[in-house]
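Colleague:
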Amino acid sequence: MDLSKVAKLFGINNKIVEEEHITIGHINVTYRVKFDDDKEYIMQRINKYVFKDPVSLMNNIILTTTHIRNELTRKNMPVDRYVLSFIKALDGNYYVIDSENEYWRMYHYITHSLTYNVMDNMDIIENCGYAFGNFQCQLSNFNASLLSETIPNFHNTISRFENLKKAKEKDEFNRFESVKDLYDEYLKLEEISTRMTRMLNNNELPLRVTHNDTKCNNVLFDLTTNEPLSVIDLDTVMPGLAGFDFGDSIRTGAANNREDESDPTKIYLCLDKFRAFAKGFLKTTKDSLTKNEIDTLALGAITMTLECGSRFLTDYLEGDVYFHEKYKGQNLIRAKSQLILGKDMINKLDQMNAIIQELL
């Protein structure tokens, strides 16, 4: 697609002088573009296969970023580097539809910034926790019911385990017998995996505005100071549980292993990384979260780990159709790895809770 044609739909008629395809994300198609007036933007084609309703998705993003912008302004803080700023198209929307019926959005590129794919530095981990905690805090007075579910039942763990059982019953690819023991292990942990969803259904946990993809590389840091600037990749912003955002960061950032680590001896939760992230997260959220939310933060890490593992196993039984595999059998290895990590977290639950209470 000619990006200059897309830019013109946003009212930008300048000539593109630089164009970089950014390949970090796996869902949308993303470019950094620079025009001859020296202004730089991010242009993204929204993945309609994953996100069935791009209009509602963009409505979520604009509502939440506008709210954050207003909060920053109210506190006399600079806006441009601390929240994404989207461009309005000529038709008044914050998206355009090109000649191939693809949806595009465009926002200002935050210069002098970078992201990290691996969390090894404790200061970076703490700043990552601060960024996602601050995101929660900035939106703590926003009505989450105004947002649409961009992916229905995304973190509904009850639904995820039902999907696993259905995949087992169908067994379309005759794989179940080879993973029966692994499946049984997951089913033994169904109660703890679904506890927070049941608490939500019983009104024991409040719905918040949540990011739902809290990986470290979804935070922009200042190139020089490593100050956390803005949370990015807002496609999955929707109603959810604060503990799930906290927990998914712990799953991806505080585990001392790759997601597809095959050596069981290398798979465990690093409590030092957990402490660093929790310290940053609680700096801004400790006064806005309820007691039940704080008491289930560590449980959120267990929940997100076992939920993700159950999804890997479901996908394996269904023929590896959802998660991209770099090599054959990767989803099965991922499912085994997440189970080991989840069990290690269960064994360390008291230690995680003690760290949180100490930080408070």
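Residues in the sequence shown are numbered from 200 upward in steps of one, following the numbering used here. Glycine included, every Cβ here is placed at the ideal spot set by N, Cα and C.
For residue 409, which residues from the same chain have a beta carbon less than 6 angstroms from its beta carbon, with the 5 sequence-adjacent residues on both sides left out?
Modeller: The residue given as residue 409 occupies position 210 in the sequence shown. The answer, listed in chain order, is 439, 444.
Colleague: Just to check my reading of the structure: residue 394 and residue 509 have Cβ atoms closer than 8 angstroms, yes? What is that Cβ distance to the nearest angstrom?
Modeller: Within the sequence shown, residue 394 is the residue found at index 195, counting from 1. Within the sequence shown, residue 509 is the residue found at index 310, counting from 1. Actually they are not in contact, since the Cβ atoms of residue 394 and residue 509 sit about 14 angstroms apart, beyond 8 angstroms.
Colleague: So what does residue 233 bridge to, in DSSP terms?
Modeller: Within the sequence shown, numbered from 1, the residue matching residue 233 stands at position 34. Beta-bridge pairing links residue 233 to 217, 239.
Colleague: Rounded to the nearest angstrom, how far is the Cβ of residue 226 from that of residue 249, given a contact under 8 angstroms?
Modeller: Your numbering for residue 226 matches position 27 in the sequence shown. Your numbering for residue 249 matches position 50 in the sequence shown. Sure, about 5 angstroms apart at Cβ, within 8 angstroms.
Colleague: Looking only at its own chain, which residues have a Cβ that is under 7 angstroms from the Cβ of residue 161, when we skip the five neighbours before and after it?
Modeller: This structure leaves residue 161 out entirely; the chain is present only between 200 and 559.
Colleague: The beta strand (DSSP E) spanning residue 439 covers which residue range?
Modeller: Locating residue 439 in the sequence shown gives position 240, counting from the first residue. 437-439 is the span of the beta strand (DSSP E), which, as asked, contains residue 439.
Colleague: Across the region 317-332 and the region 417-434, are there enough close Cβ pairs to call them in contact, namely three or more that are closer than 8 angstroms?
Modeller: Judged by Cβ distances under 8 angstroms, the region 317-332 makes contact with the region 417-434, as three or more pairs qualify.
Colleague: Taking just the CA atoms, how far does residue 469 sit from residue 550?
Modeller: On the sequence shown, position 351 is the one that residue 550 refers to. On the sequence shown, position 270 is the one that residue 469 refers to. Each residue's alpha carbon lies about 11 angstroms from the other.
Colleague: Count the other CB atoms within 10 Å of the CB of residue 298; is the residue buried (16 or more) or exposed (fewer)?
Modeller: Residue mapping note: residue 298 aligns to position 99 of the sequence shown, counting from 1. Here residue 298 is exposed. Its C-beta has fewer than 16 other C-beta atoms within 10 Å.
Colleague: On the DSSP letters alone, give me the boundaries of the beta strand (DSSP E) that residue 487 sits inside.
Modeller: Along the sequence shown, one-based indexing puts residue 487 at 288. Run containing residue 487: none; DSSP gives neither H nor E here.
Colleague: Using beta-carbon positions only, say whether residue 430 and residue 259 come within less than 8 angstroms of one another.
Modeller: As a working note, residue 430 is residue 231 in the sequence shown. As a working note, residue 259 is residue 60 in the sequence shown. Cβ atoms of residue 430 and residue 259: not closer than 8 angstroms.
Colleague: Classify residue 466 as helix, strand or coil using the three-state DSSP reduction.
Modeller: Working through the sequence shown from its first residue, we reach residue 466 at position 267. It is coil, neither helix nor strand.
Colleague: Which residues does DSSP list as the beta-bridge partners of residue 263?
Modeller: By one-based count along the sequence shown, residue 263 stands at place 64. Residue 263 is not bridged to any residue.
Colleague: Below 8 angstroms on the Cβ atoms is my guess for residue 555 versus residue 493; work out the distance and round it to an integer in Å.
Modeller: The count along the sequence shown starts at 1 and reaches residue 555 at position 356. The count along the sequence shown starts at 1 and reaches residue 493 at position 294. Going by Cβ atoms, the distance from residue 555 to residue 493 rounds to 7 angstroms, so yes, they are a contact pair.
Colleague: How many Å lie between residue 590 and residue 268 at the Cα?
Modeller: This structure cannot settle anything about residue 590, because the visible part of the chain is limited to 200 through 559.
Colleague: Among the residues of its own chain, which have a CB less than 6 angstroms from the CB of residue 406, if the five just before and after it don't count?
Modeller: For this step, residue 406 is matched to residue 207 along the sequence shown. Within the same chain, residue 406 has close Cβ partners 343, 438.
Colleague: Kindly indicate if chain C contains any beta-carbon less than 8 angstroms away from that of residue 460.
Modeller: In summary, chain C is missing from the structure at hand, where a single protein chain is found.
Colleague: Measure the C-alpha to C-alpha separation of residue 257 and residue 239 and round it to an integer number of angstroms.
Modeller: Counting from 1 along the sequence shown, the entry for residue 257 is found at position 58. Counting from 1 along the sequence shown, the entry for residue 239 is found at position 40. Computed Cα separation, rounded: 21 angstroms.
Colleague: Please list, in chain order, all residues of the same chain as residue 230 whose beta carbon is under 8 angstroms from its beta carbon, the five residues on each side excluded.
Modeller: Here residue 230 refers to the residue found at position 31 when the sequence shown is read from its first residue. Excluding sequence neighbours, residue 230 sits near 202, 218, 219, 220, 221, 241, 242, 243.
Colleague: Tell me, to the nearest whole angstrom, how far the beta carbon of residue 481 is from that of residue 381; I am working on the premise that it is less than 8 angstroms.
Modeller: The residue labelled residue 481 in the question sits at position 282 within the sequence shown. The residue labelled residue 381 in the question sits at position 182 within the sequence shown. Not confirmed; about 35 angstroms, so no contact.
Colleague: Do residue 304 and residue 285 come within 8 angstroms of each other at the CB atom, strictly closer than that value?
Modeller: As a first step, residue 285 must be located in the sequence shown, where it is residue number 86. As a first step, residue 304 must be located in the sequence shown, where it is residue number 105. Cβ atoms of residue 285 and residue 304: closer than 8 angstroms.
Colleague: Specify the secondary structure class of residue 272 as computed by DSSP and reduced to three states.
Modeller: Here residue 272 is taken as the residue at index 73 of the sequence shown, counted from 1. Reduced to three states, the DSSP call for residue 272 is helix.
Colleague: What are the boundary residues of the beta strand (DSSP E) that residue 252 is part of?
Modeller: Walking along the sequence shown from the start, residue 252 turns up at place 53. Where residue 252 is concerned, there is no enclosing beta strand (DSSP E), given that its DSSP letter is neither H nor E.
Colleague: Tell me which residue opens and which closes the alpha helix (DSSP H) that residue 381 is part of.
Modeller: Within the sequence shown, the letter at position 182 stands for residue 381. It spans 379-387 - the alpha helix (DSSP H) in which residue 381 sits, taken as one unbroken run.
Colleague: Residue 359 by DSSP, collapsed to three states: which one?
Modeller: As a position in the sequence shown, residue 359 is number 160, starting the count at 1. Correct three-state label for residue 359: helix.
Colleague: Based on Cα-Cα distance, which residue from 282, 332, 538, 458 lies nearest to residue 383?
Modeller: Reading the sequence shown from its first residue, position 184 is the one you call residue 383. Proximity to residue 383 across 282, 332, 538, 458 peaks at 538, based on C-alpha coordinates.
Colleague: Taking the straight line between their C-alpha atoms, what separation do you get for residue 522 and residue 278?
Modeller: Counted from its first residue, the sequence shown places residue 522 at position 323. Counted from its first residue, the sequence shown places residue 278 at position 79. About 36 angstroms.
Colleague: Exposed or buried, residue 397, counting other C-beta atoms within 10 Å across all chains shown (16 or more means buried)?
Modeller: For the purposes of this step, residue 397 is identified with residue 198 of the sequence shown, where counting begins at 1. Classification for residue 397: exposed.
Colleague: Compute every distance between the C-beta of residue 419 and the non-hydrogen atoms of the ligand ZN, then say whether any falls below 7 angstroms.
Modeller: The ligand content of the structure shown is nil, which means the ligand ZN is not present either.
Colleague: Between residue 403 and residue 491, which are expected to be in contact by the criterion C-beta below 8 angstroms, what is the C-beta distance as a whole number of angstroms?
Modeller: As a first step, residue 403 must be located in the sequence shown, where it is residue number 204. As a first step, residue 491 must be located in the sequence shown, where it is residue number 292. Going by Cβ atoms, the distance from residue 403 to residue 491 rounds to 6 angstroms, so yes, they are a contact pair.
Colleague: Inspect the beta-carbon positions of residue 345 and residue 512 and report whether they are closer than 8 angstroms.
Modeller: For this step, residue 345 is matched to residue 146 along the sequence shown. For this step, residue 512 is matched to residue 313 along the sequence shown. For the 8 angstroms CB-CB criterion, residue 345 and residue 512 do not form a contact.
Colleague: Where does the unbroken alpha helix (DSSP H) through residue 281 begin, and where does it stop?
Modeller: Indexing the sequence shown from 1 puts residue 281 at position 82. Element bounds for residue 281: n/a, residue is neither H nor E.
Colleague: Taking only the alpha-carbon atoms, compute the straight-line gap between residue 347 and residue 255 and give it to the nearest angstrom.
Modeller: Here the question's residue 347 lines up with position 148 in the sequence shown. Here the question's residue 255 lines up with position 56 in the sequence shown. In a straight line, the C-alpha of residue 347 is about 6 angstroms away from that of residue 255.
Colleague: In the DSSP output, which residue or residues are listed as bridge partners for residue 560?
Modeller: Any question about residue 560 goes unanswered here, given that the chain covers just 200 to 559.
Colleague: Which runs of the alpha helix (DSSP H) fall wholly inside the region 497-554 and span at least 4 residues, in chain order?
Modeller: 529-546
Colleague: For a quick check, are the C-beta atoms of residue 442 and residue 504 less than 8 angstroms apart?
Modeller: Working through the sequence shown from its first residue, we reach residue 442 at position 243. Working through the sequence shown from its first residue, we reach residue 504 at position 305. Result no, Cβ atoms of residue 442 and residue 504 do not sit closer than 8 angstroms.
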